[in-house]
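Novice: Each residue of the sequence shown is one higher than the one before, counting from 2 in my numbering. Yeah, the Cβ is synthetic: ideal placement off N, Cα and C, and Gly gets one too. Please read all numbers here as calculations on a predicted model, not as lab measurements. Encoded as structure tokens, here's the structure I'll be asking about.
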Amino acid sequence: HAPPFPPAEIVAQGLMTQGEWDYVSAKALELFVFGQQVAKEHGMLLVDTKYEFGRHADGTIMICDEMHTPDSSRYWVAASYDERMAQGQEPENIDKEFLRLWFRERCDPYTADPLPEAPAELVTELASRYIQLYEVITGETFVFDDTDPTNLTAE
Numbered sequence: 002h003a004p005p006f007p008p009a010e011i012v013a014q015g016l017m018t019q020g021e022w023d024y025v026s027a028k029a030l031e032l033f034v035f036g037q038q039v040a041k042e043h044g045m046l047l048v049d050t051k052y053e054f055g056r057h058a059d060g061t062i063m064i065c066d067e068m069h070t071p072d073s074s075r076y077w078v079a080a081s082y083d084e085r086m087a088q089g090q091e092p093e094n095i096d097k098e099f100l101r102l103w104f105r106e107r108c109d110p111y112t113a114d115p116l117p118e119a120p121a122e123l124v125t126e127l128a129s130r131y132i133q134l135y136e137v138i139t140g141e142t143f144v145f146d147d148t149d150p151t152n153l154t155a156e
């Protein structure tokens, strides 16, 4: 987990010019709006995410990590949102927030070494949620790859 890095600090350290920061900020907002639109089309609310930008060897600024996955984003179910809010309940979500909270109740996950081992049922629930989100967003059935990884060769 990277600590917050204020924009003024990024510019002051010469990591980006103010113009580059403005460009990256605008692109991040555009990506978020796009992600929200796609999520909404599939009955979901994209409520939080992160983007990581880097530089190509030629200096071009580019996105350099996952985007809109349940690892980097928080998704809520749109159909149940209003009712759950009216009842004072947490939004129904399909992401890893429940697992993050489990770790937070047991340790500081950013400093604990080693982390406590998550129970198998939590790992299964996480996999189930990731598959569910994949199917909701893509409209496709997740197909398990049962290839024996010991038989894979680099090509």
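1. Across the stretch 99-109 and the stretch 61-78, are there enough close Cβ pairs to call them in contact, namely three or more that are closer than 8 Å?
2. Give the single residue among Asp-23, Glu-93, Ser-129, Gln-37 whose Cα lies nearest to the Cα of Asp-49.
3. Could you check how far apart the C-beta atoms of Tyr-111 and Pro-71 are, in whole angstroms? I think they sit under 8 Å.
4. In this structure, how does DSSP classify Asp-49 when only helix, strand and coil are distinguished?
5. Taking one C-beta from the stretch 4-24 and one from the stretch 37-47 each time, how about it: are there three or more such pairs within less than 8 Å?
6. Are the stretch 21-28 and the stretch 47-65 touching by the rule of at least three beta carbon pairs closer than 8 Å?
7. Can you say whether Met-45 is buried or exposed, counting buried as having 16 or more other CB atoms within 10 angstroms of its CB?
8. Taking the C-alpha atoms as reference points, what is the distance between Arg-85 and Glu-53?
Specialist: Judging by the given coordinates:
1. no
2. Gln-37
3. About 19 Å separates the two Cβ atoms, so there is no contact after all.
4. Under the three-state reduction of DSSP output, Asp-49 falls in the strand class.
5. no
6. Between the stretch 21-28 and the stretch 47-65, the count of C-beta pairs closer than 8 Å reaches three or more; the two stretches touch.
7. buried
8. 32 Å
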